[in-house]
Structures are given as structure tokens and as C-alpha cells.
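Residue numbers (the numbering used here), protein chains in the order written: chain A, 12 to 327; chain B, 20 to 198.
Glycine is no exception: its CB is placed at the ideal position from the N, C-alpha and C atoms.
Predicted, not measured: the structure shown is a model, and the values here were computed from it.
The block underneath contains the structure these notes are about, expressed in C-alpha cells.
Laid out in C-alpha cells, this is it:
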């Protein structure tokens, strides 16, 4: 059977069976390794031997996906022509792999040169090409994954379409797009980090970001302190238990509205600090402060606040 | 709900050019450094206010705590300019440009929740602890803080500021963000 038919079949199954016939739970889970549809509440196997419509290979990151995928080049917003234009190959070979004659070679050389010049056809595209390389440069320095670069490029293109670049530097809009993409994808980078990578004033990026958000009509949800926990914990080489504890503390803090109006990085750092002390993997305030790029005083204030309001007892 | 006016900015035009050098010579409390800023800065102690006087004949008065005070300050400034030896014929027309007021909602606010449920908001705890809310009617900008204190800027009249405070209180109440 072709995979498309399989996909339809499985989809219909999922849509059809929504409730576990045994316990009535809606939490049905697909186990692709066993090809079973299982109720995660009672363990009842609702359906089995369905067809997996996905590829037969697995990929864990973007590079592997590119290597293993056998379909054509995807369009990418990070290239100014979306990667759709054709390029004359640099190898002087014909369709059979044979060398071409010196006259044609010369001709191809000139053609190639002109094609490269024509590829970026006008000032708008030239600007876009420049902006996108800048975008890529900042993203590379921050080690951001491909998905974020694509999102950032999307925002930048939208900004260009709406004519928002005028009166702002390309660099600052590029940096703000990256910040926006990070927020959107819930792996927040602090403004300071982006400012450092982009070599632009942090305030300028913040201002441009707010402007973009307003003009593009995108309401970015405020970054929560929880988003920062995994990063901080791994930077401080803390265990998963500490992470879980910190998240638990933060959830309580958010319920009690202790995070309102406080910088997420500081609150997150304080929670990590408390969790590390409670679970006997103590990190000093200084270490935590350095990792979170906030001051020790901020951590002290936040942690006192949290400990007091949440009745956590700490002896150091 | 009581709002407290913190600052009133009013402007006036005298419809004639003013010789700023002459004022600097004849008046104390006048700072004029054309290299730095084209306007002359003039400080009053009663009512406490600061004014920018420009060569074009326009005056901007800031720092007063009420509209009446702002008017009083401007009349006083004009008197002072006359004393400095400049003739002024026109009756000045004073327009209030901006009023900044504060109020207290007397309740802790959950800014995260407000940012999600209200439109036209801006909440970036990383950059500023307050939530910025742009209200359309009256057209003012409100800053909401976690403590429940609010700041209203951009109002053209005290009534606008009061109405804005009432409106935000009602809106928050309707959305169940305040108890």
C-alpha cells in the first residue's frame, strides 16, 4: 500500500477513536514502535498494526534530516531568494560528466560571473541578502538551531514588507527578529546575550523588538522564569532533580503572583539557587548569578522573597 | 477612584519672535546655551515650574501639578518676559499638551494574566517591570505595576485621566483580574 493511503487510514482511526472504550479516558497514545494505540490511563490497547506514514529513517537534528531526506531542496527564508534560484555549476563538465571544450569553458566562465551578479537583482534584494547574512551571523554566535533562524528570517521579511526598516538599522532589526524568534519558540535568550553577539546596544534591540511586535501585531507572551530553568541548570551542571524542584518552586511562585513585574532571569536564578541548596547540590549565589547574567543582589532579593512567601526553610 | 495629577505640560505661542539674549541678560533663573539647546530654560519657584522659551515665540511649561497652576505659571513667565523689555501684544492662548497622573487600584495585579487577556499591551519584565497598556478611549497610555499602582500619561485633561483609571478598573474587574 502506498504511504498516503496509510496515512489517511491512521488519521481516520485517530479521529474516530477518541475515547478509550474501557475507561472512557481521552488520553490515547500512539506507540509507533509497537504500532499500537494505547490508552495511557488504563493501558488498554485500542488498536494495533496500523501503518506508520512517516519516513523509515530517523533524524535527531537538522543536519541529519538534510542528509537522510531524499526529497528536493526545501525553500528557506534564510536565503534572499528562498533558495529557489538556479546556480551555474562551477565544475566544467557537461551532462555526461565529460570535460567541455575550452571555448565553451570560457563562455561558461563569463556566464557564471554574470549570473552571480544578476542573482541579487536590485537594491531591495541586496539589502535583504545583507540582512539575512547578518541574521545568520548573530544566530551562529548564539548557537541557535535552524528553526529559529527560519522564524527570525520570516519576521525580518514581514518587517521589510511593512516598510518597518526605514529609520532603523538593518542590524538592529535583525537582532530584534532573532530575539522575537527565540521568544516565539520558547527558548528565550536574554537581551544581553543577543546584544553581545550583535554588537548593538541592548536598549536599541529592546526598543526595536517592541516596535516590531506592535507593528506586526504579534502578541508575544512574556517569557516565564520556567523557560530559563533548563539552560541555567545545565550551565551550572545541576541534576534533573534540581531542575524539577526549581520548576516546582516557580510554579508555586507564579500562582502566588510573586513573579509579576520581576525580571524572569532573576526569579529563575533564585529558584535554581534555592533548589540547589535544598537538594544538597549547592551552588554559590555568585555562580548562579554569573550563569543567569544578573547580579548577586538580585538573586538575594528574589530568593528571600520566594523563601518567605512560599515558606521554604533554608539553612546555609 | 482618586487620581493624583503629577505633572501638567502646557504650551503657548506668542505669535512673535523673542530675543532670547535679551532675556538672559535681564532675568535671573534663565539658562540659555544655544550651543547645546536652542531653547531658553527658565525656572520659576512660585508656582514651581520650568519653562522652555524658544526664539519662535513658543513657550512650553512643565512641572506644575494642576492646570490652574500651569496657567498661573505661564502668565507669570509672560510678565517676566515683559519685564525683561520685550513687548507682547497678543493675549496668550494656553493649551494643555499632556497630563501625567497616578492612581492606586489597591490590589495586587497579575501582569502576566493581564498581558495575555488584554489587547494593546506590552509587558517585557526583562526590560521594564510595568505593563504598558495603550487605551483608545480616552487615548492615553497606562502603566500598570504589580503593586496595583498605575500611571496614566498622555491625557489632555484631568477628566480623561480619571476616566482612564475608571475604565481600566472596570475592564480588569470584568475579566476577573482584580478582586
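Got a sec? Which residues, its chain only, sit under 6 Å from residue i by beta carbon, not counting five neighbours each side?
i: residue 282 of chain A; result: 257, 260, 261
i: residue 18 of chain A; result: In this prediction, residue 18 of chain A has a pLDDT of 45, which is less than 50 and means its spatial position is unreliable; what the coordinates show is noted afterwards. 64.
i: residue 82 of chain B; result: 68, 69
i: residue 5 of chain A; result: This structure cannot speak to residue 5 of chain A, because chain A is shown only from 12 to 327.
i: residue 291 of chain A; result: none
i: residue 51 of chain B; result: 39, 43, 59
For residue i, list the residues DSSP reports as bridge partners.
i: residue 153 of chain B; result: B:160
i: residue 42 of chain A; result: A:47
i: residue 123 of chain B; result: B:168
i: residue 151 of chain A; result: Residue 151 of chain A pairs with nothing; no bridge assigned.
i: residue 174 of chain B; result: B:118
i: residue 140 of chain B; result: B:152
i: residue 180 of chain A; result: For residue 180 of chain A, which the question treats as bridged, DSSP gives no partner whatsoever.
i: residue 62 of chain B; result: B:69
i: residue 23 of chain B; result: B:121
i: residue 14 of chain B; result: This structure gives no information on residue 14 of chain B, because the portion of chain B shown stretches from 20 to 198.
Report the CB separation of residue i from residue j in whole angstroms; it is logged as a contact under 8 Å.
i: residue 24 of chain B; j: residue 118 of chain B; result: 6 Å
i: residue 149 of chain B; j: residue 163 of chain B; result: 6 Å
i: residue 4 of chain A; j: residue 163 of chain A; result: The requested residue 4 of chain A is not part of the displayed model; chain A covers only 12 to 327.
i: residue 317 of chain A; j: residue 234 of chain A; result: Rounded, the Cβ-Cβ distance is 18 Å, inconsistent with contact.
i: residue 100 of chain A; j: residue 110 of chain A; result: In fact, because the Cβ distance is near 13 Å, the residues do not count as touching under 8 Å.
i: residue 76 of chain B; j: residue 37 of chain B; result: 5 Å
i: residue 203 of chain A; j: residue 304 of chain A; result: 5 Å
At a threshold of 8 Å, does residue i count as lining the ligand HEM (C-beta to nearest heavy atom)?
i: residue 159 of chain B; result: No copy of the ligand HEM appears in this structure; indeed no ligand is present at all.
Among the options, whose alpha-carbon lies nearest the alpha-carbon of residue i?
i: residue 184 of chain B; options: B:140, B:136, B:124; result: B:124
i: residue 182 of chain B; options: B:87, B:194, B:159, B:94; result: B:159
i: residue 136 of chain A; options: A:201, A:70, A:197, A:168; result: A:168
i: residue 197 of chain A; options: A:236, A:141, A:142; result: A:236
i: residue 15 of chain B; options: B:165, B:176, B:66, B:175; result: Because chain B spans 20 through 198 in this model, residue 15 of chain B falls outside it and cannot be assessed.
i: residue 153 of chain B; options: B:48, B:169, B:126; result: B:169
i: residue 141 of chain B; options: A:178, A:154, A:114, A:230; result: A:230
i: residue 44 of chain A; options: A:53, A:36, A:57, A:61; result: A:61
i: residue 181 of chain A; options: A:147, A:203, A:154, A:151; result: A:147
i: residue 40 of chain B; options: B:86, B:89, B:100; result: B:100
i: residue 176 of chain A; options: A:116, A:34, A:220, A:158; result: A:220
i: residue 129 of chain B; options: B:144, B:78, B:33; result: B:144
Of all Cβ atoms in chain B, is any one closer than 9 Å to the Cβ of residue i?
i: residue 180 of chain A; result: no
i: residue 230 of chain A; result: yes
i: residue 316 of chain A; result: no
i: residue 279 of chain A; result: no
i: residue 175 of chain A; result: no
i: residue 141 of chain A; result: no
i: residue 224 of chain A; result: yes
i: residue 275 of chain A; result: yes
i: residue 227 of chain A; result: no
i: residue 117 of chain A; result: no
i: residue 268 of chain A; result: yes
i: residue 235 of chain A; result: yes
i: residue 202 of chain A; result: yes
i: residue 71 of chain A; result: no
i: residue 221 of chain A; result: yes
i: residue 271 of chain A; result: yes
i: residue 14 of chain A; result: In this prediction, residue 14 of chain A has a pLDDT of 40, which is less than 50 and means its spatial position is unreliable; what the coordinates show is noted afterwards. For residue 14 of chain A, the answer is no, since every Cβ of chain B falls outside 9 Å of its Cβ.
i: residue 106 of chain A; result: no
i: residue 217 of chain A; result: yes
i: residue 265 of chain A; result: yes
i: residue 18 of chain A; result: Its pLDDT being 45, under 50, residue 18 of chain A is placed unreliably in this model, and the coordinates cannot settle the point.
i: residue 320 of chain A; result: no
Please return the same chain residues whose Cβ sits closer than 8 Å to the Cβ of residue i, not counting the five positions on each side in sequence.
i: residue 57 of chain B; result: 73, 74
i: residue 93 of chain A; result: 86, 87
i: residue 132 of chain B; result: 196
i: residue 270 of chain A; result: 235, 236, 261, 264, 278
i: residue 108 of chain B; result: 35
If you measure from the beta carbon of residue i to each beta carbon in chain A, is any gap under 9 Å?
i: residue 57 of chain B; result: no
i: residue 134 of chain B; result: yes
i: residue 195 of chain B; result: no
i: residue 152 of chain B; result: no
i: residue 140 of chain B; result: yes
i: residue 129 of chain B; result: yes
i: residue 173 of chain B; result: no
i: residue 73 of chain B; result: no
Going along the chain, which residues of its own chain have a beta-carbon closer than 7 Å to the beta-carbon of residue i, five neighbours each way excluded?
i: residue 140 of chain A; result: 91, 131
i: residue 250 of chain A; result: 292
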